[in-house]
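S.K.: First, the structure itself, so that you have it in front of you.
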Amino acid sequence: YHWKPLVSCLLAEVLVEAPAELVLDCVAWQGHVVGPPEGHSSRYRDRQNLIILACWGTQRNQGPILQVLLQVLPPRGTILEVSSGTGEHAIFLAPRLRPRKWIPSDPDPDARASIAAWRKHCPTDNLYPPIALDARDPVWAVEQDELPEALQDIDFKHDPIVAIVNINMIHIAPWSACLGLMSRARQILPPGGILYLYGPFKQGGKHTAPSNAAFDERLQAQNPEWGVRDLDEVVAVAQAQSLSLVKTYVMPANNLSVIFQA
Numbered sequence: 039y040h041w042k043p044l045v046s047c048l049l050a051e052v053l054v055e056a057p058a059e060l061v062l063d064c065v066a067w068q069g070h071v072v073g074p075p076e077g078h079s080s081r082y083r084d085r086q087n088l089i090i091l092a093c094w095g096t097q098r099n100q101g102p103i104l105q106v107l108l109q110v111l112p113p114r115g116t117i118l119e120v121s122s123g124t125g126e127h128a129i130f131l132a133p134r135l136r137p138r139k140w141i142p143s144d145p146d147p148d149a150r151a152s153i154a155a156w157r158k159h160c161p162t163d164n165l166y167p168p169i170a171l172d173a174r175d176p177v178w179a180v181e182q183d184e185l186p187e188a189l190q191d192i193d194f195k196h197d198p199i200v201a202i203v204n205i206n207m208i209h210i211a212p213w214s215a216c217l218g219l220m221s222r223a224r225q226i227l228p229p230g231g232i233l234y235l236y237g238p239f240k241q242g243g244k245h246t247a248p249s250n251a252a253f254d255e256r257l258q259a260q261n262p263e264w265g266v267r268d269l270d271e272v273v274a275v276a277q278a279q280s281l282s283l284v285k286t287y288v289m290p291a292n293n294l295s296v297i298f299q300a
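According to the working numbering, the sequence shown is numbered sequentially starting from 39.
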């Protein structure tokens, strides 16, 4: 898949607030757009010139996401976040989900640089450095005999991956990314392990709100392979990989949290 970390952000005449120690170097986008205008970027630069990407939507949904995760995650183990984007969810959620460990990942090097910069400014001992991971890969980095350097000190026998978290990906990626996510989740998660999805979904083939329908149109105009997915189709793919639908939670701004269990 080929998205940039900010593609999933809908910014409506908003200037994202930076941490106090960061120097703002940010372009405000007017109206609702999908992704930055060509040739523009929305980012912070810290005093060491590290790029830190930010998304207003993350600030809005991270609290509700945390409340659901606290209910559904196993009490210990490692959480793999697939498609971490800017890294804001990782630095917010990881310290609040101790003693669980959190591994962020993204296929985009710009996103991984942003995650690393956020991690530097908001250090927490249970948040690992970001790893390169594409949901469509036939084998993920965490499955390989030789782990990425960032994970060399993790003991998966003591802290196995018990949950995979995927926030706002499957509607801004080809359908093959969703298929890959389900396939690898089946292989990686132990019995009882959790796959958490967050984002907008159709239900019964219909959009749940006019704003979601408009969003879907914009996504498909930008890339015909993108679009708001039908929850029934996502559930069918999960069930084909022996992942059972446990529960759905209604979330702010017409989104859902969808919980599967291995």
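Ideal Cβ placement from N, Cα and C applies to all residues, glycine included.
Please report the distance separating the alpha-carbon of S122 from that of I205.
M.R.: Approximately 7 angstroms between the Cα atoms of the pair.
S.K.: Expressed to the nearest angstrom, what Euclidean distance is found between the alpha-carbon atoms of K244 and P102?
M.R.: Just so you know, the alpha carbons of K244 and P102 end up roughly 24 angstroms apart.
S.K.: What separation, rounded to the nearest whole angstrom, lies between the Cα atoms of M289 and V266?
M.R.: 16 angstroms
S.K.: What are the start and end residues of the beta strand (DSSP E) that includes P309?
M.R.: Summary: the structure shown does not reach residue 309, with the chain confined to residues 39 through 300, and so no result is reported for it.
S.K.: How would you label P229, buried or exposed, when you count the other beta carbons within 10 angstroms and need 16 or more for buried?
M.R.: exposed
S.K.: Quick one: using the 10 Å Cβ neighbour count with 16 as the cut-off for buried, is L118 buried or exposed?
M.R.: buried
S.K.: How should G218 be labelled, buried or exposed, when 16 other C-beta atoms within 10 angstroms of its C-beta is the threshold for buried?
M.R.: buried
S.K.: Please report the distance separating the alpha-carbon of T334 from that of V272.
M.R.: Past the edges of the chain, shown from 39 to 300, lies residue 334, and the structure says nothing about it.
S.K.: Am I right that L275 and Q299 are in contact with their C-beta atoms under 8 angstroms? What's the rounded C-beta distance?
M.R.: It should be pointed out that residue 275 corresponds to Val in this sequence rather than to Leu. Not confirmed; about 15 angstroms, so no contact.
S.K.: Just the C-alpha distance for A128 and L111, rounded to the nearest angstrom, thanks.
M.R.: 15 angstroms
S.K.: Using CA coordinates, which residue listed in I297, D197, S282 and A188 is at the minimum distance from R136?
M.R.: Just measuring C-alpha positions, the residue of I297, D197, S282 and A188 sitting nearest R136 is D197.
S.K.: Taking S221 as the reference, which of P176, I153 and A188 has the closest Cα?
M.R.: P176
S.K.: Assuming Q179 and I192 make a contact with CB atoms under 8 angstroms, what is their CB distance in whole Å?
M.R.: What sits at residue 179 in the sequence shown is Ala, not Gln. So it is not a contact: roughly 12 angstroms between Cβ atoms.
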